Structures are given as structure tokens and as C-alpha cells.
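A.B. asks: If you scroll down you'll find the structure; I have some questions about it.
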Amino acid sequence: MKGKRADASASLLHEAEAEAESESSERGRGRVVVGGSGGGATWAQTLGNIVVSIVGTGVLGLPYAFRIAGWLAGSLGVAAAGFATFYCMLLLVQCRDKLEEEEVDNSTHRYTYGDLGGKAFGPVGRYLTELLILVTQAGGSVAYLVFISHNLSSIFSARSKYHGISPSVFIFSLLLPVEIALSFVRSLSSLAPFSMFADVCNVLAMAIVIKEDLQHFDQAFKSRNAFNGIWGIPFAGGVAVFCFEGFSMTLALEASMAERRKFRWVLAQAFLGITFAYICFGIFGYLAYGDETRDIITLNLPNNWSAAAVKLSENRYRRS
């Protein structure tokens, strides 16, 4: 499974650099107008890009996490992870704003994660920050390509082969150049329609899973445990943190907005909606299947059009 998108990640980071000159008019006599105009993305486009940057396939493991921890402990874990991620994102923006305020020239330099790490911990902090971001993005990109290829290949017969190549390898080889090409798109505003389409696909997939969950509500709510012991909390917390990916996109998302002052409000709206959806998704899945809840909720779905639709929607979501 924690997401939080090689194409979107690279595009966001490219746009943050490409739009550095857009703030040159706001700088004068050593003073930086923090929170002024940034890129060209509207609040709605930014909201869609935030959702597509944060929500990943980790959501499919939430019902299992609720089974391990209990529905109440799992809900609290998701809420805590959401609040912590939101708060840390705001701190990151504030740190960048502080560095911009301390500038004493008319430079149009755009501060990066490495700059923030270097300011706080010196050269070691700079290189360590850049290395961690590189590993996170590269590892996540490979993991998602593997997930998509295996997920789509499960729709076909296990014996199917294309010129001696397994379906998963064939699909992987088709998707890899597409992902690489999308990573060269430098404008986040240009990706907004794809982000909106991806969000629709993700909502559709979650709605189908919840529909299947509701059809399996054969026991009372009290038959499910609210708390399953102390050892389940770390596991549920890890899955919850995994679900709130996209942290490394914070500065690029904020820089892409036409009205940067509204970023905190847009981010808060996104996190409220995502956290509520995560809690509902986890609770419904656990209530439906109880101790039979699998580590990936799609494995509990019947082998019919519903499962195929979820897989296709999730894969279209990830590709967008």
C-alpha cells in the first residue's frame, strides 16, 4: 500500500520552481509580502490537487486496521493522524514564510525543503531532507506502479500471457512511460482536470465498497469491538499515517495557488472531508466483515462487477 504519485509529485515540484519569478513584483527593498499571489490555480483546483496528493491506496487497508484496533480506537487514530499531518503542513508553510521574511535583498529565490532543513540543522539537515524526499517519492512511485499492475492483472485470467509475459509485467511496461511523461508536466493548473477526474474515480470506488459493506450488515453494532487492546493502536496509527500522504507536496501546492492566503482554509476543508471519509470507510468495512476483514478490503468483495469497478477506479485514480 502510503501513496501520498510520481507524475503529480514531479509536476508540483517543477511548478514550484517555475513560478518562483511570479513573486518578484512582491519583493521590494528587502521586504517580502508573504501570502501574496502565487501561481494560477484557483481554490477549487487546489482542493482537487490536495485530495489527489493525499488520498492513496492506503485507504483500502483502513477496515483491517479498525479490525485490529477496534472501531473506536481506529477512529481516534485516524483523527489524530489527520490533525497531526494538517498541523505539520501548516508549520512547514510558516517556516518557509519566516525564511522569506528574513531576506534582505530583492532575490526571487524560492525556498525548498532542503533549504528549510539546512536552516534548521545545517548541511547535514539539507542533504538528509533531500535524500528522504527522493527515497519517499521514488519508492512510492515504484510501489504504486506495482500495485496498479497487479491489481489490473487480477481482472484477467491467471494463465493469460502476452508473448510469454505475465499480465502484471505487461501492464507495468505500458504504464511506466506514461508515468514518466506525466512527470514532465510543469503546470499544476494543467493537471487540475486530471486531478478532478481522479477524485471522482476515487469517490466512486469508495462508494462501491461501502455499498457492498452495507449489504453485509448482518450483526448489531455492539457485536464489534470498540477497543481490541493496546498492541493494536500502533498498527492502526501506522496505517492512518500512511493514508495521509502527500506531505512533501505542501510547499508546491501552496505556491501554485493564485491567492496563497487562502491555502490554510482550503487545506483545512480538504482534511476535514478526507478524515471524515476515512473514518466512515474504516468503520463500515469492519462492521460488515468483522473478524473476516482482509488486509485489503477489496479481497472481501465478491468476484463480480463491483470488485472490477473498484480496481479500475482506483487504478484510474492513481494514474491521474
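Just so we're aligned, residue 1 is where the sequence shown starts under the UniProt record's numbering, counting upward by one.
We treat Cβ as the ideally placed atom computed from N, Cα and C, and that holds for glycine.
Source: prediction; values computed, not measured.
Check the C-beta distance from arginine 224 over to tryptophan 71 and give it rounded, since I have them as a contact under 8 Å.
C.D. replies: Rounded to whole angstroms, the Cβ separation of arginine 224 and tryptophan 71 is 6 Å, and the two are in contact under 8 Å.
A.B. asks: What span of residues does the alpha helix (DSSP H) with aspartate 291 cover, start to end?
C.D. replies: From DSSP, aspartate 291 is part of no alpha helix (DSSP H); its letter is neither H nor E.
A.B. asks: Scan the region 116 to 160 and note each continuous alpha helix (DSSP H) run of 4 residues or more that stays entirely inside, going in chain order.
C.D. replies: Runs of the alpha helix (DSSP H) lying entirely within the region 116 to 160 and spanning at least 4 residues: none are present.
A.B. asks: Give the secondary structure of alanine 240 by DSSP, where H, G and I count as helix, E and B as strand, and everything else as coil.
C.D. replies: helix
A.B. asks: Using 8 Å for Cβ pairs, my map puts glycine 273 next to alanine 65. What's the rounded Cβ distance?
C.D. replies: Contact doesn't hold; Cβ gap of about 20 Å is too wide.
A.B. asks: Roughly how many angstroms separate the alpha carbons of valine 78 and glutamate 292, rounded to a whole number?
C.D. replies: 21 Å
A.B. asks: Quick check: the Cα distance between valine 93 and leucine 60, rounded to an integer number of angstroms?
C.D. replies: 30 Å
A.B. asks: How many Å lie between methionine 257 and valine 135 at the Cα?
C.D. replies: 27 Å
A.B. asks: Under the three-state reduction of DSSP, which class applies to alanine 79: helix, strand or coil?
C.D. replies: helix
A.B. asks: Please say whether valine 241 and alanine 143 have beta carbons closer to each other than 7 Å?
C.D. replies: no
A.B. asks: Which of the three DSSP states, helix, strand or coil, is assigned to serine 37?
C.D. replies: Any reading at serine 37 must be qualified, since the residue scores a pLDDT of 48, below 50, and its modelled position is unreliable; the value itself is stated next. DSSP places serine 37 in strand when its eight states are reduced to three.
A.B. asks: Three or more beta-carbon pairs under 8 Å between the region 42 to 58 and the region 190 to 209, yes or no?
C.D. replies: yes
A.B. asks: With DSSP as the reference, please indicate the residues paired to methionine 257 in a beta bridge.
C.D. replies: Ala41
A.B. asks: Taking Cβ to Cβ, would you say cysteine 95 is nearer than 7 Å to leucine 128?
C.D. replies: no
A.B. asks: Going by the CB atoms, is the gap between glycine 56 and glutamate 179 shorter than 7 Å?
C.D. replies: Remark: C-beta atoms of glutamate 179 and glycine 56 do not approach each other more closely than 7 Å.
A.B. asks: Would you mind reading off the limits of the alpha helix (DSSP H) that contains arginine 224?
C.D. replies: Where arginine 224 is concerned, there is no enclosing alpha helix (DSSP H), given that its DSSP letter is neither H nor E.
A.B. asks: Go ahead and pull the three-state DSSP assignment for phenylalanine 184.
C.D. replies: It is coil, neither helix nor strand.
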